[in-house]
Amino acid sequence: MASWPRALPALLLGLLLAATPRAHSTEPGLVGRITDKGLEYAAKEGLLALQKELYKITLPDISGDAKVKHIGSVNYKFHSMEIRGCELHNSALKPLPGQGLSLTISDASIWARSDWKVRKRFLRLRGSFDLSVKGITISVNLLLGSEPSGRPMVTASSCNTKICDVDVDISGDLGWLLNLFHNQIESKFRSLLERKLCEMVQKSVASDLQPYLQTLPVTAEIDSFAGIDYSLTGAPRATAQILDVMVKGEIFNRNQRSTVALLAPVMTLPEEHNRMVYFAVSDYVFNTASLVYHEAGHLNFSITDDMVPPDSRIRLTTKSFRPFIPRIARLYPNMNLELQGTVVSPPLLTISPGNLSLTPLMEIEAFVLLPDARRESVFRLGAVTNVSAVLSFNTSRITGFLTPGKVQLELKESKFGVFNVELLEALINYYLLNNLYPKVNEKLGEGFPLPLLKQTELYDLVLQTHKDFLLLGANVQYTAD
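Numbering (mature numbering (1 follows the signal peptide of the UniProt record, and there is no 0)), first residue to last: -25 to -1, 1 to 456.
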């Protein structure tokens, strides 16, 4: 990887994202924000990168004719030019409202060395010279946008280079000859370097920075079933101090993509500048996950007698149910039961300051397992519980953990009339607490990836909860190969 992507990479954050089909919502599910601190870091990294790129500049030979007083017209040529050193002292990366970013490198210096030849008829002279270029200022406007596919795009819309001072120190037996048209030499080098510096920047943006932005995934895999869409919903928005990147943030079924009938909320981000970057992740992201997993039946569960602890006073058998449902033992003597749980509707996460919760509604249907392997429904229960959630993030992923409340049951339908469901409540709560929720939390512990560019890491993490969204803050570090 060429070094120029360090100019903005870490901070155009891994946030400039990719695309697939759009849902009805026009609001992004995720917003990436780069603050003035983040832009300052990007400018610093860009300074280091540009300094390395300067050594790669190939300076062409310069030749021409000049009139020298008392000598007449001579032919000259400067060749084998190479940059020996450079210093870049100051840089600034600022939002360019309505366009993108403005990068300015100032107070830069370059030192180069070259050989020279002068010819007049049969006279041939040669030597070398040192070139000192000071007071260089490079100004580049970077236009940010998105491709039709939703991938990020960057172009150098303009570039200007100004050089305050060029000094040529010519050596050789007759170096005095070139000193006679010293000003003409300096003018040519000034013009050449101003052009070559902008050519270098524009080429690097197209051949290095733009491909680097393409390292952002169009989609990222969560597991074998689901993925997350990291598409831009529009061009990044630049204001006076920040750059916002709007991302779809929809979780979808990888095997059968369909439009999600859910709207992302409007997020009003607080004015936070303590970290380089912020991710505002709305409840839309998590709730699209709930929708697709629910639709595929992944939230359903079943309880059989072999899942009941050996010391339980109630078994999933018709004999064990005899004390509170006498008829079940008479009609189905010595048979096993199975409880089939179904989540009635996708449980939607509610995010508010200091609180994350969801209230899943379930139905639990009891079946008798007949000797011929058929199942026969015998009663149906309604179940409701409150679940609190804890979400966190690390250097690359958002993870979660659920803490269940007590399940309360209500008899909805029965072949045996009304009966007390309290004993079943204890059994179902035991199963959910010791079987279902540990599996769910194991999956939530794996989490899903944050949209990050290649070779970027987050540190100094902070998390806040706001109405309808989480705000994740972090500093960013670019790690070179």
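Ideal Cβ placement from N, Cα and C applies to all residues, glycine included.
If you draw a straight line from the C-alpha of E247 to the C-alpha of L29, how long is it?
As a first step, residue 247 must be located in the sequence shown, where it is residue number 272. As a first step, residue 29 must be located in the sequence shown, where it is residue number 54. Cα-Cα distance, rounded: 36 Å.
Please tell me whether V220 and V6 are closer than 8 Å, where the distance is taken between their beta carbons.
Residue mapping note: residue 220 aligns to position 245 of the sequence shown, counting from 1. Residue mapping note: residue 6 aligns to position 31 of the sequence shown, counting from 1. Result yes, Cβ atoms of V220 and V6 sit closer than 8 Å.
Around the C-beta of P328, are 16 or more other C-beta atoms found within 10 angstroms, so that it is buried, or is it exposed?
Taking the sequence shown and counting its residues from 1, one reaches residue 328 at position 353. Looking at its Cβ environment, which holds fewer than 16 other Cβ atoms inside 10 Å, P328 is exposed.
Contacts around R94, its chain only, beta-carbon distance under 6 Å, and the 5 residues preceding and following it disregarded:
In the sequence shown, counting from the first residue as 1, residue 94 sits at position 119. Closer than 6 Å at Cβ, skipping near neighbours: N50.
Segment limits, alpha helix (DSSP H) that includes V415:
Within the sequence shown, residue 415 is the residue found at index 440, counting from 1. Here the alpha helix (DSSP H) through V415 covers Y412 to E421.
Count the C-beta pairs between the stretch 435 to 452 and the stretch 379 to 395 that are closer than 8 Å, then say yes if the count reaches three, no if not.
no
Jot down the residue ranges of each uninterrupted alpha helix (DSSP H) in the stretch 141 to 229, minimum 4 residues, whole runs only, in chain order.
150 to 154, 157 to 179 and 185 to 188
For D443, three-class secondary structure by DSSP
For this step, residue 443 is matched to residue 468 along the sequence shown. The answer is coil: DSSP assigns D443 none of H, G, I, E or B.
Those residues which DSSP pairs with I58 across a bridge:
The count along the sequence shown starts at 1 and reaches residue 58 at position 83. Per DSSP, the beta-bridge partners of I58 are A87.
C-beta atoms of W91 and S103 nearer than 8 Å:
Indexing the sequence shown from 1 puts residue 91 at position 116. Indexing the sequence shown from 1 puts residue 103 at position 128. Cβ atoms of W91 and S103: closer than 8 Å.
Assign Q26 to one of three DSSP states: helix, strand, or coil.
As a first step, residue 26 is located in the sequence shown; it is residue number 51 there, counting from the start. Correct three-state label for Q26: helix.
Measuring alpha carbon to alpha carbon, tell me which of S38, K69, K52 and G224 ends up nearest T10.
Mapped onto the sequence shown, residue 10 falls at position 35. Ranking S38, K69, K52 and G224 by Cα distance to T10 puts K69 first.
If you follow the alpha helix (DSSP H) that Y307 is in, where does it begin and where does it stop?
Position 332 of the sequence shown, counting from 1, holds the residue named residue 307. Premise fails: Y307 is in no alpha helix (DSSP H) and is neither H nor E.
Would you mind working out which of F53, S84 and G209 sits nearest R126, comparing C-alpha positions?
As a working note, residue 126 is residue 151 in the sequence shown. Of F53, S84 and G209, the residue nearest in Cα terms is G209.
Which value, in whole angstroms, describes the spacing of the CA atoms of E15 and T317?
Translated into positions along the sequence shown, residue 15 becomes position 40. Translated into positions along the sequence shown, residue 317 becomes position 342. Roughly 52 Å separates the two Cα atoms.
Neighbour-count burial assignment, G4, 16 or more Cβ in a 10 Å radius
In the sequence shown, the residue the question calls residue 4 occupies position 29. The residue in question, G4, is buried, as its Cβ has 16 or more Cβ neighbours within 10 Å.
Look up G272 in the DSSP assignment and give the residues it is bridged to.
The count along the sequence shown starts at 1 and reaches residue 272 at position 297. Bridge partners of G272: none, in fact.
Assuming the contact rule is C-beta atoms closer than 8 Å, S332 and E340 should be a hit. Round their C-beta distance to whole Å, please.
In the sequence shown, residue 332 corresponds to position 357, counting from 1. In the sequence shown, residue 340 corresponds to position 365, counting from 1. S332 to E340, Cβ: 26 Å. No contact.
Between the Cα of F391 and the Cα atoms of P379, I300, P346 and N330, which residue gives the shortest distance?
Taking the sequence shown and counting its residues from 1, one reaches residue 391 at position 416. F391 has its Cα closest to that of I300, out of P379, I300, P346 and N330.
Got a sec? Which residues, its chain only, sit under 6 Å from Q185 by beta carbon, not counting five neighbours each side?
For the purposes of this step, residue 185 is identified with residue 210 of the sequence shown, where counting begins at 1. Result list for Q185: V129, in chain order.
Measure from the alpha carbon of P346 to the alpha carbon of each residue in K27, F376 and L312, then state which is nearest.
On the sequence shown, residue 346 is found 371 positions in, with the first residue counted as 1. Of K27, F376 and L312, the residue nearest in Cα terms is L312.
For S133, I'd like the list of residues in its chain whose CB is within less than 6 Å of its CB, leaving aside the five on either flank, ordered along the chain.
For the purposes of this step, residue 133 is identified with residue 158 of the sequence shown, where counting begins at 1. Excluding sequence neighbours, S133 sits near N116.
Cβ shell of K89 (< 8 Å), same chain only, five flanking positions each side left out:
Residue numbering aside, residue 89 sits at position 114 when the sequence shown is read from its first letter. Just to set this straight, residue 89 is Ser in the shown sequence, not Lys. Correct list, in chain order: L34, F53, H54, S55, M56, E57, S103, F104 and L106.
Rounded straight-line distance, which links the Cα of T378 to that of residue 460
Given a span of -25 to 456 for the chain in the structure shown, any question on residue 460 remains unanswerable.
Residue nearest to P211 in terms of C-alpha spacing, selected from I203, D204 and V222
For the purposes of this step, residue 211 is taken as residue 236 along the sequence shown, with counting starting at 1. The residue with the shortest Cα to Cα distance from P211 is V222.
In the structure shown, what three-state DSSP assignment does residue 480 receive?
The requested residue 480 does not occur in the structure, where the chain is confined to residues -25 to 456.
Beta-carbon spacing of I138, R165 below 8 Å:
Numbered from 1 along the sequence shown, position 163 holds the residue referred to as residue 138. Numbered from 1 along the sequence shown, position 190 holds the residue referred to as residue 165. Going by C-beta atoms, I138 is nearer than 8 Å to R165.
Alpha carbons only, please: which of C173, L366, V260 and R355 is nearest the one belonging to S389?
Residue mapping note: residue 389 aligns to position 414 of the sequence shown, counting from 1. Of the candidates C173, L366, V260 and R355, the one whose C-alpha sits nearest the C-alpha of S389 is R355.
Three-state secondary structure (DSSP) at V319?
Position 344 of the sequence shown, counted from the first residue, corresponds to residue 319. The answer is coil: DSSP assigns V319 none of H, G, I, E or B.
Would you kindly report the start and end of the unbroken beta strand (DSSP E) that includes A255?
Here residue 255 refers to the residue found at position 280 of the sequence shown. Looking at the DSSP string, the run of the beta strand (DSSP E) that includes A255 is V252 to S257.
Let me know the secondary structure DSSP gives G75 once reduced to three states.
Locating residue 75 in the sequence shown gives position 100, where the first residue counts as 1. If DSSP states are grouped into helix, strand and coil, G75 belongs with the strands.
Best match in V396, V393 and V256 for proximity to P426 [C-alpha to C-alpha]:
Numbered from its first residue, the sequence shown carries residue 426 at position 451. Among V396, V393 and V256, the Cα nearest to that of P426 is on V256.
Can we say the stretch 406 to 422 touches the stretch 175 to 184, given the rule of at least three CB pairs closer than 8 Å?
no
Please go through the same chain and pick out, in chain order, the residues whose beta-carbon is closer than 6 Å to the beta-carbon of A455, but skip the five residues on each side of it.
By 1-based counting over the sequence shown, the position of residue 455 is 480. Nothing meets the Cβ criterion.
S265 - DSSP class collapsed to helix/strand/coil
Position 290 of the sequence shown, counting from 1, holds the residue named residue 265. It is helical.
Assuming N249 contacts G448 under a Cβ cut-off of 8 Å, what Cβ separation, rounded to an integer in Å, is found between them?
Mapped onto the sequence shown, residue 249 falls at position 274. Mapped onto the sequence shown, residue 448 falls at position 473. Right, the Cβ-Cβ distance comes to about 7 Å (below 8 Å), so this counts as a contact.
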